[in-house]
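> This is the structure I want to talk about, given as structure tokens.
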Amino acid sequence: MRVIVVHKTKRRSGRITTRDEVLDVERVSLGRGPDNDIQLNALTIEYHHSVFRARPDGIYLERVEAPELEVNGRACKERRLKPKDRIRVGHYQLTVLDGEGGEDLRVSLEATSRRKSEMEELASRTFVGLSRGMLTERKLSWLSVFSIPIIFAGMPVLTGQLETFWDTGPVARAHSYFADDCQKCHTEAFTRVLDSQCLECHADISAHTPIDVKVVDLEATRCATCHMEHNGEFQLQALEQELCAECHSDLGKRAPNTRVRTVSDFSADHPQFRLTVPTDALQSENIPGIGGRRGEEIWTRKVDRVEWDRGIQEHSGVRFNHLRHVAREELKGSEGKLLDCGDCHQEDPAGKNMADLNFENHCQECHSLSFDERFDDRQALHGEADEMREDLLEFYTAIELRALDNGEERLRVYRNRVGRDQPQDPQERAATENAKKMVERASAFLMDEDKPGACATCHFVERGAGDDGGDDVAPVRLLSLWMPMSVFRHGTHEPFPCRDCHPRAAVFDPNATASYESEKDLEPVARARPEWSLPGKGQTYALYTVEEAIAEAERKASRKSGPQIPVRKEDVVSTEATDVLLPEIDQCKTCHGGGHASSPAVASECVLCHPFHRKEYDRMRPAESLPAAQNEQNPFFRNGAG
Amino acid sequence: MATANPAAGPRSFLAYRNFRHLKVALLGLVASTVVYWWYDPVGGRNGGTWVGWGLGGLAFTLMLWLLYFGVRKRDYFSSSSSLQGWLSAHVYLGLSLVLLVPLHNGFQFGWNFHNLAFALMFLVVVSGVVGIVMYASVPGQMTRNRRGQRIDSLFEQVAELDSEISGVALALPDFYAKAAETAINGTKIGGGWLRQFSAKDPNCGTARAIKLIQEHQEALDERQSSDVARVVELLGRKSALLQRIRLDVRYQALMEVWLFFHIPLAVASVIAVFTHVFIVFYYW
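Line by line, the protein sequences give chains W and Z. Per our numbering, residue 1 is the first one in the first sequence, and the count goes up by one each step. Per our numbering, residue 1001 is the first one in the second sequence, and the count goes up by one each step.
Given below as structure tokens:
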């Protein structure tokens, strides 16, 4: 069999060159192997792929190792060839050509695709570099450009907390109930929150100064200067004392007429406390000219502010001796309890100050107002002396008249004539006269200052001062708020025993004798201190012994510079109601330091004790309501301080 | 003046002009900290005070300038100063943001949009630090791995081996031809991120071919046996080359990957800061 193979090669220029190969063999084999007549260089082609074989009816293509053949795009096992048949082996194509005479078969052989170099093949299978699809730096950057606004707008929706995602910080708890309603405060875009928005709710908030004292700087200050929102859940109030010191550190120069004293820091230059007292209830030998200083109408009572001083005496009109009351065995109450501080001194229910003391709640349990040994359970009225006697008269009259009762009808109609409306019955007249004598006797008993008469135990008797011409007791002016210009809460100081600040009132002395004649029959019962009065953890009502009180006073005195004065018993023990037992500033300073103090001192800014907004003054006005010109010119005081 | 050798890797730009930009950044931070401590406003130090605005404005300006580096580094004809100097400044001033921004906000952090801007900025810095670390450590390993050869040369060697394997395998029985075909066409370099970072291909054609041939039993004549031995030897050489190429691909990926975070996050943080400024003054 004679076969002509036309090798076609496509050059790079596109021109196709041909080369004829004449094979004169019995059969023509095709395959990868070098022993084939037509060798096809491709690893995927079988070693012995197929053969051309002559049969009686023509030339056949028969498979050898190939699983199947592909002729004219169809798969087959073998096929008789005719011109224009296309045989595909790997990437080779053989085409049966028309015979030119002399040969049995004429086929062309060509590679259908240009065989790539190994380097090109390798490159086509190499994927280096991280950029892929969306994963390029540029595309990711664009993605982030768009994703930020989406997060910005979408997160509030996603978390369900509208707009709080945009907060610069947590809203104060007091405002949290409208924290997701930004427009509540932020009414205008790109404009600071206006005071009027604050005052919409806080309409009654009061100013810092009286209405006639205009401090322009202060009026032009926005609420938010001191009350910064989005600055934490709990702190809505600026504590910085520099805000106060801006004016108060040289207030004397700024407002020469003011009585408010200059101060910049609690620890550095806070003056001694002043007591705000009714001017008629205080005497002092140590403060010259106090009687002449009558002043400002701040409270409803006439008051003055006097410097705290050891020599101050309070003339409240009441006799009282702490030493004779505290933890005294002979003064056991009805429940067998010894008196401690808390039996009389309790916080008012609002927890702001100590509650007022009064007879009914604090004295009556022990101090009986019985006036007649025959009527032991009967008590005189506590109040105005004339009313008390009126009450006694009714009591005795009823008793006298009842004594006349013989079972007849006693009610009779008096003729309504002036001077004639007296009982006509001589017996009755005698009975009422007797009742009046009984009243005089009872009154004299109660008001007796030499014996333990009930009134005179605690009060000073003024003879003939009553509205009815009878005896009366001196007026009582008990002061429960001595320093109204500051806020002090006993409750927050609860862990500390009373004696720390009020040492003179918290002394236990088993040998204390009565300071008043009327008490002298109450013999002191000497006993050891009760357990609750011993100093220790949680002993709120701990007491000093006299010796301890003296030692403590000496210890405190030794810390101060200057000449050391020996401490006497009467300096450390309160036996008189005239003693003013309030702590002085040094007592506060044992714990409290200035605004910038650090541990162990308690940092104490001005507003810790002195509220900025003063209830007694007029309402705040929004800063933005000030005329613009005033804001610009900004003099400190519009007119002198009052 | 230049003490650094431009070819000495990141050490050169970090130490550029005797750490000039490190000094500038530290000086800026010290000045900012002093101002921060000196100014103690009502309500505590925070972004809404004069100093807060000042430091915030400075930080934002700095961020925009740092972003401009992306433009500057492509400007090969600029003569303003060397790119190395720019990179040095970029690194140190970028790092300073980590302290500058907390000074701006008074160290107030929370789960809100404003801190998203900070978090993004922080991640940008972190990714930048990762970049510095990569530039410091990877090129040395890369050079050692290439053993003085160019990467193109390694590829050419693989291609030559392929060609040789193909030539020898043509004359071998079908099984070996198929194995050789697998070794050539079944070998891929690189691929997805994971493939590139792992520097391994569990489905590598070359490895598979070696395994196939080693496990195959077939009666061969002497010439064929010697050819098969030749193919196995070639495949072994190719495998070792591939290992080095794949390591090289990993090193390249390590040098590149931080930028996929650094750049998009930098853009995101600038957009976030812009939005932050807008919202803060909108709700003043």
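The C-beta atom is built at its ideal place from N, Cα and C for all residues, glycine as well.
According to DSSP, which residues form a beta bridge with W/A691?
Since the displayed chain W opens at 1 and closes at 642, residue 691 of chain W lies outside it and no answer follows.
> Pull up the distance between the alpha-carbon of Z/D1227 and that of Z/A1169, whole angstroms please.
For the purposes of this step, residue 1227 of chain Z is identified with residue 227 of the second sequence, where counting begins at 1. For the purposes of this step, residue 1169 of chain Z is identified with residue 169 of the second sequence, where counting begins at 1. Each residue's alpha carbon lies about 8 Å from the other.
> Measuring only between beta-carbons, confirm whether W/T164 sits less than 9 Å from chain A.
Any reference to chain A falls outside this structure, whose protein chains are W and Z.
> Starting from W/G58, follow its DSSP beta bridges and name the residues at the other end.
Numbered from 1 along the first sequence, position 58 holds the residue referred to as residue 58 of chain W. Paired residue(s): W/R55.
> Among residues of its own chain, excluding the 5 on either side of Z/L1022, which ones have a beta-carbon nearer than 7 Å to its beta-carbon?
Translated into the one-based positions of the second sequence, residue 1022 of chain Z becomes position 22. Correct list, in chain order: Y1092.
> Can you list, in chain order, the residues of its chain whose CB lies under 6 Å from that of W/P583, leaving out five sequence neighbours each side?
For the purposes of this step, residue 583 of chain W is taken as the residue at position 583 of the first sequence. C501.
> Out of Z/R1230, Z/T1275, Z/L1083, point me to the one whose CA is closest to W/F146's CA.
On the first sequence, position 146 is the one that residue 146 of chain W refers to. If we check each option's Cα against that of W/F146, Z/T1275 comes out closest.
> My assumption, with CB atoms under 8 Å, is that W/H459 sits in contact with W/V473. Please give the rounded CB distance.
Locating residue 459 of chain W in the first sequence gives position 459, counting from the first residue. Locating residue 473 of chain W in the first sequence gives position 473, counting from the first residue. Between W/V473 and W/H459 the Cβ distance is about 4 Å, and since that is below 8 Å, they are a contact.
> Thinking just about the alpha-carbon of each residue, which of Z/W1258, Z/G1054, Z/S1153, Z/Y1251 is nearest to the one in Z/V1130?
Taking the first residue of the second sequence as 1, we reach residue 1130 of chain Z at position 130. Ranking Z/W1258, Z/G1054, Z/S1153, Z/Y1251 by Cα distance to Z/V1130 puts Z/W1258 first.
> Please report how far the alpha carbon of W/Q539 lies from the alpha carbon of W/M483, in whole angstroms.
By one-based count along the first sequence, residue 539 of chain W stands at place 539. By one-based count along the first sequence, residue 483 of chain W stands at place 483. Distance between the alpha carbons of W/Q539 and W/M483 is about 26 Å.
> Going along the chain, which residues of the segment 113 to 126 of chain W sit with their C-beta nearer than 9 Å to a C-beta in chain Z?
Cβ contacts with chain Z: S117, E118, M119, E120, E121, L122, A123, R125, T126.
> I'd like to know if the segment 204 to 220 of chain W and the segment 563 to 578 of chain W are in contact, where contact means that at least 3 CB-CB pairs between them fall below 8 Å.
No, the segment 204 to 220 of chain W does not touch the segment 563 to 578 of chain W.
> Can you give the beta carbon distance from Z/S1137 to Z/F1261, rounded, assuming they're within the 8 Å contact cut?
Translated into the one-based positions of the second sequence, residue 1137 of chain Z becomes position 137. Translated into the one-based positions of the second sequence, residue 1261 of chain Z becomes position 261. Z/S1137 to Z/F1261, Cβ: 18 Å. No contact.
> Just checking, does the segment 132 to 144 of chain W make contact with the segment 105 to 112 of chain W on the three C-beta pairs under 8 Å criterion?
The segment 132 to 144 of chain W vs the segment 105 to 112 of chain W: no contact.
> Nearest CA to the CA of W/I38: which residue from W/T44, W/V51, W/R621?
As a first step, residue 38 of chain W is located in the first sequence; it is residue number 38 there, counting from the start. Comparing Cα positions, the closest option is W/V51.
> Could you give the first and the last residue of the continuous beta strand (DSSP E) run that contains W/I4?
Your numbering for residue 4 of chain W matches position 4 in the first sequence. Start and end: 2 to 10.
> Cutting at 6 Å between CB atoms, please list the residues of its own chain near W/V6, excluding the five before and the five after it.
Numbered from 1 along the first sequence, position 6 holds the residue referred to as residue 6 of chain W. Result list for W/V6: T18, D20, S108, in chain order.
> Helix, strand or coil for Z/E1160 per DSSP?
Stepping through the second sequence from its first residue, residue 1160 of chain Z is reached at position 160. Helix, per DSSP.
> Here's a check: name, in chain order, each residue in its chain whose Cβ is nearer than 6 Å to the Cβ of W/G252, leaving out the five neighbours to either side.
Locating residue 252 of chain W in the first sequence gives position 252, where the first residue counts as 1. Result list for W/G252: T262, in chain order.
> Classify W/C198 as helix, strand or coil using the three-state DSSP reduction.
The sequence position of residue 198 of chain W within the first sequence is 198, counting from 1. Helix at W/C198.
> Beta-carbon of W/F152 versus every beta-carbon of chain Z: anything under 9 Å?
Taking the first sequence and counting its residues from 1, the one referred to as residue 152 of chain W is at position 152. Closer than 9 Å to some Cβ of chain Z, the Cβ of W/F152 qualifies, so yes.
> Let me confirm a value: Z/Q1217 is counted as buried when at least 16 other C-beta atoms fall within 10 Å, else exposed. Which label applies?
Along the second sequence, one-based indexing puts residue 1217 of chain Z at 217. The residue in question, Z/Q1217, is exposed, as its Cβ has fewer than 16 Cβ neighbours within 10 Å.
> If you pair each beta-carbon of the segment 486 to 499 of chain W with each one of the segment 340 to 360 of chain W, do three or more pairs fall below 8 Å?
In short, these stretches touch, since the Cβ pair count reaches three.
> What are the residues of the segment 184 to 207 of chain W that lie near chain Z, defined by any Cβ-Cβ distance shorter than 8 Å?
Listed by position along the chain: H186, A189, F190, T191, R192, V193.
> Would you mind telling me which residues of chain W sit closer than 8 Å to Z/D1227, beta carbon to beta carbon, in chain order?
Position 227 of the second sequence, counting from 1, holds the residue named residue 1227 of chain Z. Per Cβ cutoff of 8 Å: no residues; Z/D1227 is ~11 Å from chain W at best.
> Using a Cβ-Cβ cut-off of 9 Å, state whether W/A706 counts as contacting chain Z.
Nothing in the structure corresponds to residue 706 of chain W, since chain W is present only between 1 and 642.
> Does DSSP put Z/Q1214 in a helix, in a strand, or in coil?
Taking the first residue of the second sequence as 1, we reach residue 1214 of chain Z at position 214. Z/Q1214: helix per DSSP, three-state reduction.
> Does the beta-carbon of W/G640 have 16 or more other beta-carbons within 10 angstroms, so that it is buried, or is it exposed?
Sequence index remark: in the first sequence, residue 640 of chain W carries index 640 (1-based). Here W/G640 scores only 35 on pLDDT, less than 50, and its place in the model is too uncertain to base an answer on.
> Measure the C-alpha to C-alpha separation of W/H613 and W/L218 and round it to an integer number of angstroms.
Translated into the one-based positions of the first sequence, residue 613 of chain W becomes position 613. Translated into the one-based positions of the first sequence, residue 218 of chain W becomes position 218. Computed Cα separation, rounded: 12 Å.
> Less than 9 Å between CB atoms is the rule here; does W/P34 satisfy it with respect to chain Z?
Residue 34 of chain W sits at position 34 when you count from the first residue of the first sequence. Taking Cβ atoms only, chain Z reaches closer than 9 Å to W/P34, which makes this a yes.
> With distances taken from CA atoms, which of Z/A1229, Z/G1094, Z/R1244 is nearest Z/G1190?
On the second sequence, residue 1190 of chain Z is found 190 positions in, with the first residue counted as 1. Out of Z/A1229, Z/G1094, Z/R1244, Z/R1244 has the C-alpha closest to the C-alpha of Z/G1190.
> In its own chain, which residues sit with a C-beta less than 7 Å from the C-beta of Z/V1285, not counting the 5 before and 5 after it?
Any question about residue 1285 of chain Z goes unanswered here, given that chain Z covers just 1001 to 1284.
> Flag W/Y47 as yes if its beta-carbon sits less than 9 Å from any beta-carbon of chain Z, otherwise no.
As a position in the first sequence, residue 47 of chain W is number 47, starting the count at 1. Output row for W/Y47: interface = yes.
> Z/T1275 CB to nearest chain W CB: under 9 Å?
Mapped onto the second sequence, residue 1275 of chain Z falls at position 275. Yes, its Cβ sits closer than 9 Å to a Cβ of chain W.
> For the alpha helix (DSSP H) holding Z/A1229, just list the boundary residues, first then last.
Residue numbering aside, residue 1229 of chain Z sits at position 229 when the second sequence is read from its first letter. Element bounds for Z/A1229: 1222 to 1282.
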